[in-house]
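Novice: Residue numbers (the working numbering), protein chains in the order written: chain A, 1 to 284; chain B, 285 to 550; chain C, 551 to 832. Could you have a look at this structure, given as structure tokens, before my questions?
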């Protein structure tokens, strides 16, 4: 039984009005327990709308979505789903509001009804997870921190809740390469230590290539491709989405168009270079 | 997609669109003052006809205008009923134990009509005047106040920036609400104090974000040579032409003159 | 004798910090940018990139040294308006630069502040809309636009000042991959066709691969100033920045014994060379 099952999910904004916009069109796929799933797509492809279905903020117009075995059409279930599915929005530092970092991380935990001791332990753990010093920052105001640190605090406030499923919407948006790498490492480590299911949404495939077990490519509200990362990259008809791919993969696709018999299912620059070398030596 | 929210601006080339914003502002004001000061039937009727004529000439889709009137209708019908039932006067007919009077029906009717004209005239104004032109018109009309030391230009800029950011702030508030809901924020708690604290979880981030935004905006405006001074071009670009003279003339005839001839009860 | 170009002469910028300890954002930077160039400025966080950008149009003034724009000193108050007209800036956050509620009025904002006649303002608005492909959005409210479209509006608004130099401070960092690539393409078109000097600050090496020159800042000092392909070849551990994937690929293939040009920085160049190579191998 998959941890999330999506069946023919359709969702429109402003339905039955002149402003109706179909955000998701008959989406179907599953997410397995413990996997790291990457969702890729350009702006407007419906990524953000889709993930809001995972924690019950939205529910399908038609079709169904089963999270942890139950249909989210049940309002009571939806209202409690936040305890089991954590959602980190884009630019999460824009939600900070508490007076101290401690309170910020404790907010969700208090809403969950945990006792003081448990909250204390979890806050410290979460701050260490994101590479921040609990002793130093507990009583600091989150607004006095640098942009990068504010982002880490915001992510930590969700990690502290230790939900079974963690969903992140473009966690590296606006960060420089160093900051991006750090956040992604944090997420991967968290997943391995806590054995949770992670869904990471990005417009940038580069980040997901080495992290994700499987990829879903969203295109205009529909599922364009779905499978293991390597399989998705090796497909022939993905060339329509090529603007999502890093340059070293696009080169392989370009050469394929030129008639080269080349395998495009390469994950890293090294692999791509080796494949090129192989083809050049063996003749393309 | 949200272009039509709150009777917002719809681009067009109709006669009304082409009028100087000052004409429309003064005209709208004249209508509103006329019906507030005088509630005699002739005055109300004339102004209603005027507004409908303006809406017709502006080629505005009546449906989109009347969409907002639905709540108005409900409010008015409630008031109509209230006025009818509880206003003492010459009895017209009986509705059970309650006496419905002539004055009651009159009061209810005029209230409804006044609300309608108020709503329609402000909608007509905002739908046919772009926010910037509106700000320019206001700046031009209030310009003489500058000599009294009133910072008219800065107020006009304030208005323009508010118009620009209100939709953005609404969107941001929605996003922040969703994010806090995802952390279990009790927006629907039965305790008032809890609800208050929860609303802070949306207000504080909005305010903090706005402060940062203000700094960034100021930098961007400085970089494009904004000095806070009078925006001559915006005001100079307003042309008060023949059409405007005619329009103002019509307004005087329809709105102002009848006030003299038909004294009404306030 | 009017020198055309941007010159930073021994520029140092210090900020007062906590407990009277000054933070030095820039240390004795000497840099010249000639008209028509496409210059990339790169460096890690706190390398002084943003400070440098803001010195270029007088938003910040140097603590020591001088910043000259076409021979005008930024410290000269009388020249400030003229300098700001010549050096237009586009900032990182697309949302926080747009002042007006309607796109075409946003583009008119700059020219209005210059008190230009109405017909000239209209002409510049039309041109700006055309250059950045925004004609269909002219009546839109900014909140209805995507991040990439908002940045295009910001660029069009900057261009309406008819600047000699366009400085962009991390304009792509909040955009997605395809918007980013589109924007950079637009900048190259502006540079080649309109002759506008572009100064692009970014931490994304891919954005800067097509620049004429790359200036590398490290902890406030000028570390390197050379064509991109030269900078990419340097040991990235020194600079602390990862070179674009294409450059890495070329290096790896060269190590395998294939004869590829050192100067390759774009996809098109790479595909071209590889096709030629495959023919020669056969």
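We put the CB at the ideal spot given by N, CA and C, even for glycine. If you're wondering where the values come from, they're calculated on a predicted model, not measured in any experiment.
According to DSSP, is residue 578 of chain C part of a helix, a strand, or is it coil?
Specialist: strand
Novice: With a threshold of 7 Å on Cβ separation, who are the neighbours of residue 136 of chain A within its own chain once the five nearest residues in sequence on each side are excluded?
Specialist: none
Novice: Output the boundary residues of the beta strand (DSSP E) element that contains residue 5 of chain A.
Specialist: From DSSP, the beta strand (DSSP E) with residue 5 of chain A extends over 4-13.
Novice: Within 10 angstroms of its Cβ, does residue 384 of chain B collect 16 or more other Cβ (buried), or is it exposed?
Specialist: buried
Novice: For residue 642 of chain C versus residue 720 of chain C, is the C-beta spacing smaller than 8 Å?
Specialist: In this structure, the beta-carbon distance from residue 642 of chain C to residue 720 of chain C falls below 8 Å.
Novice: Using a Cβ-Cβ cutoff of less than 8 Å, which residues in the same chain neighbour residue 133 of chain A once the five nearest sequence positions on both sides are dropped?
Specialist: The residues are 127.
Novice: I'd like the list of long-range same chain contacts for residue 534 of chain B, defined as Cβ closer than 7 Å, with 5 residues on each side in sequence excluded.
Specialist: none
Novice: The beta strand (DSSP E) spanning residue 719 of chain C covers which residue range?
Specialist: Counting along the chain, the beta strand (DSSP E) containing residue 719 of chain C begins and ends at 715-719.
Novice: Buried or exposed, going by whether 16 or more other CB atoms sit within 10 Å of the CB of residue 551 of chain C?
Specialist: Note on residue 551 of chain C: pLDDT 46, under 50, position unreliable in the model; the coordinate value appears next. With fewer than 16 other Cβ atoms within 10 Å, it is exposed.
Novice: Thinking just about the alpha-carbon of each residue, which of C:763, C:751, C:687 is nearest to the one in residue 700 of chain C?
Specialist: C:687
Novice: Return helix, strand or coil for residue 287 of chain B, following the three-state DSSP convention.
Specialist: Its pLDDT being 38, under 50, residue 287 of chain B is placed unreliably in this model, and the value from its coordinates should be taken loosely. Note: residue 287 of chain B maps to coil in three-state DSSP.
Novice: Out of curiosity, what's the CA-to-CA distance linking residue 14 of chain A and residue 22 of chain A?
Specialist: C-alpha separation (whole angstroms): 9 Å.
Novice: Is residue 86 of chain A helix, strand or coil when you go by DSSP?
Specialist: strand
Novice: Does the CB of residue 185 of chain A have a neighbour CB from chain B at under 8 Å?
Specialist: It does not; no Cβ of chain B falls within 8 Å.
Novice: Look up residue 619 of chain C in the DSSP assignment and say whether it is helix, strand or coil.
Specialist: In the structure shown, residue 619 of chain C falls within a strand segment according to DSSP collapsed to helix, strand and coil.
Novice: Give me, in chain order, the residues of the same chain whose beta-carbon lies closer than 8 Å to that of residue 272 of chain A; leave out the 5 immediate sequence neighbours on both sides.
Specialist: 248, 249, 251, 252, 266
Novice: CA-CA distance, residue 566 of chain C and residue 724 of chain C?
Specialist: Spanning the two alpha carbons is a distance of roughly 29 Å.
Novice: Specify the secondary structure class of residue 485 of chain B as computed by DSSP and reduced to three states.
Specialist: helix
Novice: With a threshold of 8 Å between beta-carbons, can residue 455 of chain B be considered close to chain C, or not?
Specialist: yes
Novice: Would you tell me roughly how many angstroms separate the C-alpha atoms of residue 420 of chain B and residue 305 of chain B, rounded to the nearest one?
Specialist: 8 Å
Novice: For residue 492 of chain B, return the contacting residues in chain A, with the cut-off set at a CB-CB distance below 9 Å.
Specialist: 94, 96, 97, 143
Novice: Let me check one thing: in DSSP terms, what residues is residue 64 of chain A bridge-paired to?
Specialist: A:7
Novice: Could you work out which residues of chain C lie near residue 174 of chain A, taking near to mean beta carbons separated by less than 7 Å?
Specialist: 723, 724
Novice: Does the ligand GTP have even one heavy atom less than 7 Å from the beta-carbon of residue 265 of chain A?
Specialist: Among the ligands in the structure shown, none appear at all, so the ligand GTP cannot be discussed.
Novice: Might you give, ordered along the chain, the residues of its own chain that have their beta carbon closer than 8 Å to the beta carbon of residue 226 of chain A, omitting 5 neighbours on each side?
Specialist: The residues are 29, 214, 215, 216, 217, 232.
Novice: Using 8 Å as the Cβ pair cut-off and three pairs as the minimum, do the stretch 184-204 of chain A and the stretch 103-110 of chain A touch?
Specialist: With the rule of 3 Cβ pairs closer than 8 Å, the stretch 184-204 of chain A does not count as touching the stretch 103-110 of chain A.
Novice: Closest Cβ-Cβ distance between residue 277 of chain A and chain C: below 8 Å?
Specialist: yes
Novice: Going along the chain, which residues of its own chain have a beta-carbon closer than 7 Å to the beta-carbon of residue 235 of chain A, five neighbours each way excluded?
Specialist: 225
Novice: Counting contacts by CB-CB distance shorter than 8 Å, is residue 413 of chain B in contact with chain C?
Specialist: Taking Cβ atoms only, chain C never reaches closer than 8 Å to residue 413 of chain B, which makes this a no.
Novice: For residue 574 of chain C, decide whether its Cβ has a neighbour in chain A, counting only Cβ atoms nearer than 8 Å.
Specialist: no
Novice: What are the boundary residues of the alpha helix (DSSP H) that includes residue 712 of chain C?
Specialist: No alpha helix (DSSP H) contains residue 712 of chain C, which DSSP labels as neither H nor E.
Novice: Evaluate residue 17 of chain A with the Cβ neighbour count: other Cβ atoms within 10 Å of its Cβ, from every protein chain shown; 16 or more gives buried, anything less gives exposed.
Specialist: Classification for residue 17 of chain A: exposed.
Novice: Using DSSP with H/G/I as helix, E/B as strand and the rest coil, what is residue 776 of chain C?
Specialist: strand
Novice: Answer yes or no: does any C-beta atom of chain B fall closer than 8 Å to that of residue 728 of chain C?
Specialist: no
Novice: Would DSSP call residue 639 of chain C helix, strand or coil?
Specialist: Three-state DSSP puts residue 639 of chain C in a strand.
Novice: List, in chain order, every chain B residue whose beta-carbon is nearer than 9 Å to that of residue 137 of chain A.
Specialist: Neighbours of residue 137 of chain A on chain B: none; closest Cβ ~18 Å, over 9 Å.
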